[in-house]
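For reference, the structure is listed below as structure tokens.
Numbering (mature numbering (1 follows the signal peptide of the UniProt record, and there is no 0)), first residue to last: -23 to -1, 1 to 440.
What follows is the structure, encoded as structure tokens:
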């Protein structure tokens, strides 16, 4: 799940003052990073470690936390549940009383690192002998910044195309008309699938999932929002503008974004009355975990799946997800490092997958898999899948194919500000305040200014 967006400006001054004695690379020089001796596979620990932003609310979480606690050999794990509260976290760091480890979105890591709120994991990885080759390269790239790794990747998210098979059939369409391989067909399908008797929208033909999926549509059109080195915004690239025009145009063809959003927001998204089960949605790209939700709450819904595809017909997915980071000032960084390592090991993921498999089997349901930030674990878990028949087997196949064809946005010291810039632009277009090019031109200026300032600050601190 994504953590809610909050503003950073209120805390920026106090945090900067509080972190004047950070390690090299995070804002100062007096206080050294923990030595390699604190990170040792043979070390034992005592007391407790506090974990912010993670709730072991299902068997996937509880199984791994239990194994992590065993690996800590004496230390107790205390979970601060709920999504990471950024303001609470930064306040704790500024006050010198942070949690020992945090569970954060990978696109938050660059900003945390540049503000001195987390420590580099070079010594942690070396001391605990963590094999970084097991992690998904895009996931690891999102947390690698300034030539150092700042977090350990955990879950991974990708998108696939999901559609209502009955609505497609009634409209004379197939999944190939809505999987993104032909944008003109997607627009035409949206018009055929939409139902708005008397002008009141009842069935969304196609949901292009803006604002969050602009990077996906842009990449499908051959453009990246950010340069590979994380320094240059490319938000008003003509290919990005065209992608936004297309994705917004799908909403316009159905009466406008406001109407689509109203129907979207009123849906029982996680329940048996979801939009697919109630025939209120034709198709959309969506994160893979929703396949599990749909199979669980509406196994008889008329669904069909495929990968999301580029106009050249190639599978594509925007990789995002969660990670573990150790705050600056963590009182038990050695235990925190061991915790992050254990939570993401191949054997730990396999044990968690087995727990999920056992539960699904007991409920008479298929095990449709778990996507992690660990490619070796993913390969092992894929062997454990059980068939649910169609359309679920096709859905799972699409998920794993998507996971082999991902991209991500590079880490940078203005992660938060950059994301705010492009999402703000999309929202202005959706709300009718700006045309796509004008919105992205403004976003380009705002994003580049934020990047230039953040990189300059980073260079000054690290030099």
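Backbone N, C-alpha and C fix where the C-beta goes; we use that ideal spot for every residue, glycine too.
State the start and end residues of the unbroken alpha helix (DSSP H) segment that holds residue 400. Start and end: 392 to 407.
Counted within 10 angstroms of its Cβ, other Cβ atoms place residue 204 as buried (16 or more) or exposed: Classification of residue 204: exposed, given that the 10 Å Cβ count is below 16.
Simplified DSSP state of residue 330, which is helix, strand or coil: Here residue 330 carries a helix assignment [DSSP, helix/strand/coil].
For residue 115, the three-state DSSP class (helix, strand or coil): Per DSSP, reduced to three states, the secondary structure at residue 115 is helical.
Backbone CA spacing between residue 35 and residue 75 [nearest angstrom]: Each residue's Cα considered, the two are about 26 angstroms apart.
Check whether the Cβ atoms of residue 26 and residue 57 sit closer than 8 angstroms, and answer yes or no. No, the pair does not count as a contact, with Cβ atoms beyond the cut-off.
Leaving out five residues before and five after residue 386 in sequence, what residues of the same chain have Cβ atoms less than 6 angstroms from its Cβ? Within the same chain, residue 386 has close Cβ partners 203.
Using CA atoms only, rank isn't needed, just tell me which of 406, 339, 65 is closest to residue 233. Comparing Cα-Cα distances from residue 233 to each of 406, 339, 65, the minimum goes to 406.
Closest residue to residue 183 among 197, 240, 130 (Cα-Cα distance): Of the candidates 197, 240, 130, the one whose C-alpha sits nearest the C-alpha of residue 183 is 240.
Give me the Cα-Cα distance between residue 335 and residue 15, rounded to the nearest whole angstrom. Taking the straight line joining both Cα atoms gives about 38 angstroms.
For residue 235, count neighbouring Cβ atoms within 10 angstroms of its own Cβ and tell me buried if that reaches 16, exposed if not. Within 10 angstroms of the beta-carbon of residue 235 lie fewer than 16 other beta-carbons, which makes it exposed.
Contact set for residue 418: own chain, Cβ-Cβ below 6 angstroms, skip 5 residues either direction: 213.
Proximal residues to residue 185 (C-beta, below 6 angstroms), its chain only, five neighbours per side dropped: Excluding residues within five positions, the ones whose Cβ falls inside 6 angstroms are 224, 227.
Selection from 209, 306, 315, 357 that minimises the alpha carbon distance to residue 329: The candidate whose alpha carbon is nearest that of residue 329 is 357.
Is DSSP giving residue 360 helix, strand or coil here? Residue state, collapsed to three classes: coil.
Given this structure, state the Cα-to-Cα distance separating residue 312 from residue 17, to the nearest angstrom. Straight-line Cα distance between these residues: approximately 10 angstroms.
Quick one: using the 10 Å Cβ neighbour count with 16 as the cut-off for buried, is residue 299 buried or exposed? Residue 299 sits buried, since 16 or more C-beta atoms from the chains shown fall within 10 Å of its C-beta.
Is it the case that the stretch 391 to 399 contacts the stretch 366 to 376, given that we only count it when at least three CB pairs across the two stretches are under 8 angstroms? With a cut-off of 8 angstroms, the stretch 391 to 399 and the stretch 366 to 376 do not count as touching, because too few Cβ pairs lie within range.
Cβ contact check for the stretch 247 to 259 and the stretch 133 to 141: 3 or more pairs under 8 angstroms: Touching, per the Cβ criterion.
For the structure I just gave you, are there three or more beta carbon pairs, one from the stretch 110 to 117 and one from the stretch 285 to 304, closer than 8 angstroms? The stretch 110 to 117 vs the stretch 285 to 304: in contact.
Assigned secondary structure, residue 344 (DSSP; H/G/I helix, E/B strand, else coil): Looking at residue 344 - three-state DSSP - the assignment turns out to be coil, as it is neither helix nor strand.
Spatial neighbours of residue 434 within its chain, please: CB distance less than 8 angstroms, with the 5 preceding and 5 following residues excluded, ordered by chain position. Take residue 434, set aside five residues on each side of it, and the residues of its chain with a beta-carbon closer than 8 angstroms to its own are 91, 390, in chain order.
Stretch-stretch touch, CB-based, cutoff 8 angstroms, three pairs: the stretch 126 to 134 with the stretch 96 to 111: Touching, per the Cβ criterion.
Measure the C-alpha to C-alpha separation of residue 270 and residue 244 and round it to an integer number of angstroms. Approximately 14 angstroms, taken between the alpha carbons.
In three-state terms, what does DSSP make of residue 40? In the structure shown, residue 40 falls within a helical segment according to DSSP collapsed to helix, strand and coil.
Would a C-beta distance cut-off of 8 angstroms place residue 346 and residue 362 closer than the cut-off? Cβ atoms of residue 346 and residue 362: closer than 8 angstroms.
Can you find the residues in the same chain that come closer than 7 angstroms, C-beta to C-beta, to residue 317, ignoring five residues on each side of it along the sequence? Here the set comprises 78, 129, 301.
Using DSSP with H/G/I as helix, E/B as strand and the rest coil, what is residue 131? Note: residue 131 maps to strand in three-state DSSP.
In the DSSP assignment, find the beta strand (DSSP E) that holds residue 28 and state where it starts and stops. For residue 28, the enclosing beta strand (DSSP E) starts and ends at 25 to 29.
In angstroms, rounded to a whole number, what distance separates the CA positions of residue 135 and residue 382? Take the alpha-carbon of residue 135 and the one of residue 382: they are about 9 angstroms apart.
Assuming residue 323 contacts residue 278 under a Cβ cut-off of 8 angstroms, what Cβ separation, rounded to an integer in Å, is found between them? Between residue 278 and residue 323 the Cβ distance is about 34 angstroms, and since that is not below 8 angstroms, they are no contact.
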